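Undergrad: Taken in order, these protein sequences are the chains called V and D. Just so we're aligned, residue 442 is where the first sequence starts under our numbering, counting upward by one. Just so we're aligned, residue 196 is where the second sequence starts under our numbering, counting upward by one. I have a structure here, written as structure tokens, and I will follow up with some questions on it.
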Amino acid sequence: MSDHDYRPKSKVGQWFNDRLPLLTLANHLTDYPTPKNLNYWWTFGGILTFCLITQIVTGLTLAMHYIAHADMAFESVEHIMRDVNYGWLIRYIHANGASMFFLAVYIHIFRSLFYGSYKAPREIIWIIGIIIYLLMMAAAFMGYVLPWGQMSFWGATVITNLFSAIPLVGEGIVTWLWGGYSVDNPTLTRFFTLHYLIPFLILGLVVLHIWALHVPGNNNPVGIDIKKPSKDTVPFHPYIVIKDGFALLMFMIVFAFFVFYAPNILGHADNYIEANPMVTPAHIVPEWYLLPFYAILRSVPDKLLGVVAMLSAILILAVLPWLDTSKIRSAVFRPLYRQFYWILVADVLILGYVGAMPAEGLYLLIARVATAYYFLHFLVILPVLGFKEKTLPVPLSITEPVLGGSPNLAAARNRESKIE
Amino acid sequence: MKNLFKLLSIIIVIIAPNSYSFAAEKVEYLKTDWSFKGLFGKFDRASLQRGYQVYTEVCASCHSMKYLSYRNLAEPGGPEFSEAQAKAIASSFEVTDGPNSDGEMFTRPGKLSDKFVMPYDNVKAAQAANGGAYPPDMSVLVKARGGGVDYIYSLLQGYEDAPSNVSLDDGVYYNKYMYGNKIRMAAPLSDGLVEYGDGTNATVEQMSKDVTTFLMWSAEPHLESRHQMGFKAIVYLIILTVLVYFSMKRIWSRVESEV
């Protein structure tokens with residue numbers, strides 16, 4: 442890459458950079474050629490980085506005041522809410538920040554699905570992303586346990602009990618996870634430790650995610666390979682920085698609305714009741730961002746198969762680059778895929794909805810149909826579609842659609858060669 | 196624009212099912228105009244003070260409020276009793292302290308730094324005194340119930356004679372807003388039960404509103420500063436967003452003119 446030839450201007454800079462090329466890295470990040478036609482769906486990468494940093498900073502502050510003990514956790518959270526200076530602000534940012542993080546990650550994932558960003562040569566970026574997503578779910582789940590409210594306790598009980606579905610060793614594994622014969626203080630302290638650890642694992646993976654991104658460069662709404670740098674690209678700074686900044690501010694307005702005016706709307710009221718092993722809540726529901734998978738889990742009558750279905754629903758995403766057989770990346774040029782894409786979006790939203798409802802009657806039926814369709818989409822529709830679909834003609838460069846799409850292929854090719 | 200619409204509908208669909216906790220039993224709660232709702236919502240000071248009176252004269256004989264201290268009563272954003280009043284309130288309670296230098300526990304009048312004195316020593320004692328039902332701690336009660344303030348407000352006024360097809364055990368009462376309609380608490384309020392110092396007519400409706408306001412404050416003691424800061428933060432963000440938007444247009448105009 443050309444930016445590796447970078448040499449700092451100052452003597453000191455050169456001396457330092459010869460020993461540790463941090464300035465080369467900074468230069469690479471500044472000049473990084475980015476497709477100029479990226480739309481706002483591409484700003485969620487930056488927004489997610491902001492979310493991660495926000496969670497880490499607020500989380501560290503909360504950890505200074507929180508007490509990870511079954512008898513004191515709930516009280517220490519109330520202490521944070523009442524007596525710690527701006528403790529209520531920090532906690533509400535952290536609690537709603539988790540929801541905002543998932544909102545952003547779902548948009549990020551579905552953007553990738555729409556524009557085929559997971560396809561060659563970006564499979565590794567995608568797989569790292571799925572691992573990050575899995576770790577996020579683990580972190581969020583364990584974080585929800587820490588206030589030691591009723592939903593914390595019973596959510597932890599339900600989710601850890603899933604491991605008991607494993608034949609032969611299941612019960613032993615659950616006891617080992619709990620550190621006892623029920624969810625109790627040892628469970629809380631280990632969840633706290635892991636909840637503290639995982640964000641830093643995510644941070645490391647985010648570095649790899651971005652590193653892997655910077656090898657092929659960004660995909661774009663047209664989904665074609667572009668020459669870099671060229672008329673089709675702009676340097677990351679200032680163009681993408683300011684655009685990401687603008688989108689981030691819009692996102693922060695929504696974020697602030699939740700924190701200041703509806704801080705508990707995304708949580709469950711039962712979590713303001715201190716954990717009580719003797720009283721089971723009427724409905725045990727996870728946080729909204731886990732509901733689609735919860736619906737899949739409950740739609741299968743057998744416990745083990747339900748767990749397998751739930752895990753497969755996530756892990757199937759990791760092999761998506763090989764399930765989608767179409768050579769065309771962007772759904773813009775795939776008229777059929779585009780329709781199936783929106784059906785999938787609706788399907789996941791329906792799963793989320795029925796996940797919040799009692800698993801009985803019509804809800805259960807809907808959950809089963811939606812679960813079946815979810816797998817049908819990835820296992821049948823996507824592989825077949827790649828062979829059957831008649832795709833639209835793809836432009837040769839980004840400049841072409843920007844100009845309104847020249848019908849004259851020769852002219853477009855001519856322009857291409859001029860840019861080179 | 197089309198995409199924006201899609202995004203908005205997605206957000207709405209995500210948020211909408213959060214009524215799930217009480218979706219099974221759809222009851223219309225009684226509504227009243229809460230002063231603390233909305234962008235600039237603040238507590239009605241007089242209502243908070245009356246609410247404290249209702250709590251301490253009626254509820255506190257069974258319901259604890261273990262996360263509050265007497266000093267909170269004088270803090271800004273709350274009932275804002277004067278410090279002298281809060282001290283007088285605190286000292287009207289007997290607090291167990293110790294051990295002293297002889298190793299004995301002793302009682303003394305309460306201080307501002309003391310937590311609200313609990314009506315029972317422990318949960319078992321509370322259950323024993325209330326026919327097996329534990330009167331929940333009221334510190335965060337409105338946040339711990341699906342319908343929030345509207346639910347509490349309605350419940351207090353929701354006592355009725357049971358319909359003929361419902362049979363009630365001894366010590367169980369019928370309440371049309373209670374989950375399952377059966378409640379172990381007898382109707383706690385009746386007209387004129389307390390005598391308000393400010394001359395307000397102590398109807399059941401008035402007392403319900405006052406005590407629910409007080410419970411909202413006890414669950415969210417920093418609600419007023421949250422609303423104030425929220426407004427400033429959002430105005431700041433909007434101004435910054437507009438400025439960044441125009442900077443962005445300016446910077447990107449270089450690219451667009453090149454094409």
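All C-beta atoms, glycine included, are put in the ideal place defined by N, C-alpha and C. Bear in mind the structure is a predicted one, so any value in this text is a computation, not a measurement.
Is Thr-840(V) helix, strand or coil by DSSP?
TA: helix
Undergrad: Below 7 Å between beta carbons: does that hold for Phe-515(V) and Trp-589(V)?
TA: yes
Undergrad: With 16 as the cutoff for other CB atoms within 10 Å, does Pro-608(V) come out buried or exposed?
TA: Per the 10 Å Cβ criterion, exposed.
Undergrad: How far does the alpha helix (DSSP H) with Asp-292(D) in it reach, from first residue to last?
TA: Not the alpha helix (DSSP H): Asp-292(D) falls in the beta strand (DSSP E), residues 289-292.
Undergrad: Cα separation between Leu-479(V) and Pro-449(V)?
TA: Between the alpha carbons of Leu-479(V) and Pro-449(V) lies a gap of roughly 30 Å.
Undergrad: Less than 7 Å between CB atoms is the rule here; does Ser-349(D) satisfy it with respect to chain V?
TA: no
Undergrad: Alpha carbon to alpha carbon, what distance is there between Ala-467(V) and Phe-457(V)?
TA: 13 Å
Undergrad: Would you kindly check if the distance between the Cβ of Leu-263(D) and the Cβ of Ala-281(D) is under 7 Å?
TA: no
Undergrad: Going by DSSP in three states, Arg-303(D) sits in which element: helix, strand or coil?
TA: The answer is strand: DSSP assigns Arg-303(D) an E or B state.
Undergrad: List the residues that DSSP assigns as beta-bridge partners of Asn-370(D).
TA: The secondary-structure analysis by DSSP pairs Asn-370(D) across a beta bridge with Tyr-354(D).
Undergrad: Strictly under 7 Å for the Cβ-Cβ distance: is Arg-523(V) near chain D by that measure?
TA: yes
Undergrad: Spell out whether any CB of chain V is found under 7 Å from the CB atom of Arg-379(D).
TA: no
Undergrad: Return the chain-ordered ranges of every beta strand (DSSP E) run that is complete within the region 674-708 of chain V and spans a minimum of 3 residues.
TA: 674-676
Undergrad: With 7 Å as the limit, tell me which residues of the region 665-694 of chain V have their beta carbon closer than that to any beta carbon of chain D; keep them in chain order.
TA: Val-675, Pro-679, Tyr-680, Ile-683, Lys-684, Gly-686, Phe-687, Leu-690, Met-691, Met-693 and Ile-694
Undergrad: Mind checking whether Lys-338(D) and Glu-355(D) have CB atoms under 7 Å apart?
TA: No, the Cβ-Cβ distance between Lys-338(D) and Glu-355(D) is not below 7 Å.
Undergrad: Does any residue of chain V bring its CB to less than 7 Å from the CB of Tyr-368(D)?
TA: no
Undergrad: Within 10 angstroms of the Cβ of Leu-530(V), are there 16 or more other Cβ atoms? Answer buried if so, exposed if not.
TA: buried
Undergrad: Whole-angstrom Cβ separation of His-506(V) and Gly-528(V), contact assumed at under 8 Å?
TA: 7 Å
Undergrad: Can at least three beta-carbon pairs, one atom from the region 233-253 of chain D and one from the region 403-414 of chain D, be found at a separation below 8 Å?
TA: yes
Undergrad: Can you name the residues of chain D whose CB is closer than 8 Å to the CB of Glu-519(V)?
TA: Tyr-262, Ser-334 and Val-335
Undergrad: Any contact of the region 419-437 of chain D with the region 686-703 of chain V, i.e. 3+ C-beta pairs under 8 Å?
TA: Contact between the region 419-437 of chain D and the region 686-703 of chain V is established, with three or more Cβ pairs separated by less than 8 Å.
Undergrad: Chain V partners of Lys-338(D), CB-CB under 8 Å?
TA: Asn-705, Ala-710 and Tyr-713
Undergrad: Should Tyr-413(V) be flagged as near chain D, meaning a C-beta pair shorter than 7 Å?
TA: Beyond the ends of chain V as shown, which are 442 and 861, falls residue 413(V); an answer cannot be given.
Undergrad: Hey, could you find the ends of the beta strand (DSSP E) Thr-475(V) is sitting in?
TA: 474-476
Undergrad: Does the region 531-538 of chain V come close enough to the region 595-610 of chain V to have 3 or more Cβ pairs within less than 8 Å?
TA: no
Undergrad: For Ile-784(V), count the other beta carbons within 10 Å of its own beta carbon; 16 or more makes it buried, fewer makes it exposed. Which is it?
TA: exposed
Undergrad: Spatial neighbours of Ala-219(D) within its chain, please: C-beta separation below 6 Å, excluding the five flanking residues on both sides.
TA: Because Ala-219(D) sits at a pLDDT of 45, beneath the cut-off of 50, its placement in the model cannot be relied upon, and the point is left open.
Undergrad: Kindly list the residues whose CB is nearer than 6 Å to the CB of Gly-366(D), restricted to its own chain and excluding five residues on each side of it in sequence; keep chain order.
TA: Gly-326
Undergrad: Throw me the rounded Cβ distance for the Leu-761(V) and Phe-819(V) pair, which I believe falls under 8 Å.
TA: 7 Å
Undergrad: Compute the distance between the beta-carbons of Leu-351(D) and Ser-403(D), then report whether it is under 7 Å.
TA: Remark: C-beta atoms of Leu-351(D) and Ser-403(D) approach each other more closely than 7 Å.
Undergrad: Quick one: is Val-453(V) near chain D, going by C-beta distance under 7 Å?
TA: no
Undergrad: Let me see if you follow: with CB-CB separation under 7 Å, is Trp-483(V) close to chain D or not?
TA: No, Trp-483(V) does not count as interfacial toward chain D.
Undergrad: Beta-carbon within less than 7 Å of Thr-227(D)'s beta-carbon, same chain only, minus the 5 sequence neighbours each way: which residues are those?
TA: When the five nearest sequence neighbours on each side are left out, the beta carbons in the same chain lying within less than 7 Å of the beta carbon of Thr-227(D) are those of Tyr-348 and Lys-404, in order along the chain.
Undergrad: Take Ile-446(D) and list the residues in its own chain whose beta-carbon comes closer than 6 Å to its own, dropping the five residues that flank it on each side.
TA: Around Ile-446(D): no qualifying Cβ.
Undergrad: Measuring CB to CB, does Ala-653(V) end up less than 7 Å from Ile-565(V)?
TA: It is a contact, given that the beta carbons lie within the stated cut-off.
Undergrad: Ala-716(V) versus chain D: which residues are under 9 Å apart at the beta carbon?
TA: Going along chain D, no residue has its Cβ under 9 Å from Ala-716(V), so there is no contact; the nearest lies around 12 Å.
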